[in-house]
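In the working numbering, the protein residues as written are 43 to 437.
Dropping the structure here:
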């Protein structure tokens, strides 16, 4: 019995012993955060700003990593660092003396606190490049080693992340690889001027695209990399050592190049739906020819009304009116409300007055019912055809 109890006790201790032994290899000794700003251009080239924030518990003198791809133009690496000042947090009285009847005490500081001095400074990082397993290996010498956290900023370019398929550029961006755990990771994808990314277009010539190899230039964007959100941003957390994160998608020089197939399917589907609706109305009104025109007008009113709403939504979300923006937006909304009232109630009132209350009511019901059905179909089409690109993948 005693042997059995001892055996069970050992089994209970095994998980703790295993975790203690395996922790340095399985989870890494340091933790890090990674942030990326990736900008693609019309030539299929990616300009990447990467910011690595690494816990520095042993004053690292070297740091190695791998950049996916062999044809990598590594323009520069700098280290963001802080100078520290000390301030006494605890005093101890060590001696007391009397001078001319006044007691004077001598105090000695027993504990100090350190705090960083802002703004940060930047140091050039020396590095050597190599190739390993289809990647570009980078070995760095850390210039400022007495930092609690290492902030490394990289700027590199490559054309290996993009493939052109007809008029569409397909990109597949993969993050850096190193031997440490990653607590959190963030990738923001952006475009050069007049390009379209999965429904998001960019008309801004970002200053970051003109950054040179000087440390001062990288300092302009270093502090913003971890906060930038371009509208196409993916995040991840708790990545193991040597695990990378991949973000893919498509972009093109025009919205039509990205969505022409979806638009064509939408137009064909709409024509089939309208044709089927007309046939259904004609069959339903064989015995009463007076209902044919009112029901067709009610159907047409619903189609025009839905188009009005979609057009209003597009104008409010994509057009810029300068100083008169608020006034123009209010005007567009008022016109949309007025047209909605006319298209929704107008056909029913007209046929109610000219053809009788029953026909007028059926016209109104046809408009509302057709609008409801078309609205559901429109929502489904947008969710299916114009949803964001598939989520990121882990490797």
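Heads up, the beta-carbon is just placed ideally off N, CA and C, and yes, glycines get one too.
| query | result |
| --- | --- |
| Grab me the residues of residue 392's own chain with a C-beta within less than 6 Å of its C-beta, minus the 5 sequence neighbours each way, in chain order. | none |
| Exposed or buried, residue 311, counting other C-beta atoms within 10 Å across all chains shown (16 or more means buried)? | exposed |
| Could you check the C-alpha separation between residue 150 and residue 158 for me, to the nearest Å? | 24 Å |
| Starting from residue 116, follow its DSSP beta bridges and name the residues at the other end. | 198 |
| In chain order, what residues of the same chain lie with their CB nearer than 8 Å to the CB of residue 173, ignoring the 5 residues before and after it? | 112, 179 |
| Which residue marks the beginning of the beta strand (DSSP E) containing residue 104, and which one marks its end? | 104-110 |
| Return the first residue and the last residue of the beta strand (DSSP E) that residue 291 is part of. | 287-294 |
| What would DSSP say about residue 181, mapped onto helix, strand or coil? | strand |
| Leaving out five residues before and five after residue 298 in sequence, what residues of the same chain have Cβ atoms less than 8 Å from its Cβ? | 305 |
| Under 6 Å Cβ to Cβ from residue 248, same chain only, skipping five residues before and after it: list those, please. | Note that residue 248 scores a pLDDT of 37, beneath 50, so its modelled location is shaky; the value from the coordinates is reported in the next line. So no residue of the chain qualifies. |
| Sort out for me which residues DSSP pairs residue 133 with in a bridge. | 151 |
| For residue 146, which three-state DSSP category applies? | strand |
| Got a sec, what are the start and stop residues for the beta strand (DSSP E) residue 217 sits in? | Run containing residue 217: none; DSSP gives neither H nor E here. |
| Tell me where the beta strand (DSSP E) around residue 174 begins and ends. | 168-174 |
| To which residues of the same chain is residue 110 closer than 6 Å at the C-beta, ignoring the five residues directly before and after it? | 177, 216 |
| Determine the closest residue to residue 193 out of 105, 211, 336, 288, with distance taken between C-alpha atoms. | 105 |
| State the Cα-Cα distance for the pair residue 96 and residue 286, rounded to the nearest angstrom. | 16 Å |
| Output the distance between the C-alpha atoms of residue 225 and residue 93, rounded to the nearest integer angstrom. | 14 Å |
| Since residue 238 and residue 82 are thought to touch, with beta carbons under 8 Å apart, how far apart are those beta carbons, to the nearest angstrom? | Not really, about 11 Å apart at Cβ, beyond 8 Å. |
| Could you check whether the region 126-135 touches the region 202-212, counting it as contact only if at least three pairs of C-beta atoms, one from each stretch, sit closer than 8 Å? | no |
| Nearest CA to the CA of residue 187: which residue from 165, 281, 147? | 165 |
| Residue 312 by DSSP, collapsed to three states: which one? | helix |
| Here's a check: name, in chain order, each residue in its chain whose Cβ is nearer than 6 Å to the Cβ of residue 340, leaving out the five neighbours to either side. | 389, 405, 408, 409 |
| Do residue 163 and residue 190 have their C-beta atoms within less than 8 Å of each other? | no |
| Taking the DSSP output, what are the residues bridged to residue 101? | None, per the DSSP bridge assignment. |
| Whose C-beta lies closer than 8 Å to the C-beta of residue 346 among residues of the same chain, with five residues either side of it excluded? | 385 |
| Pull up the CB-CB distance for residue 279 and residue 227, whole angstroms please, since I reckon it's below 8 Å. | 7 Å |
| Identify every residue that forms a DSSP beta bridge with residue 82. | 88, 233 |
| Starting from the Cα of residue 316, find the closest Cα among 400, 235, 343 and give me that residue. | 343 |
| Rounded to the nearest angstrom, what separates residue 213 and residue 272 at their Cα positions? | 16 Å |
| Only counting the same chain, and skipping five residues up and downstream in sequence, which positions put a Cβ closer than 6 Å to that of residue 275? | 230 |
| Look at residue 415 and residue 336 and say whether their C-beta atoms are less than 8 Å apart. | no |
| If I measure Cβ to Cβ from residue 87 and keep anything under 8 Å in the same chain, skipping five residues before and after, which residues do I get? | 199, 200, 201, 204 |
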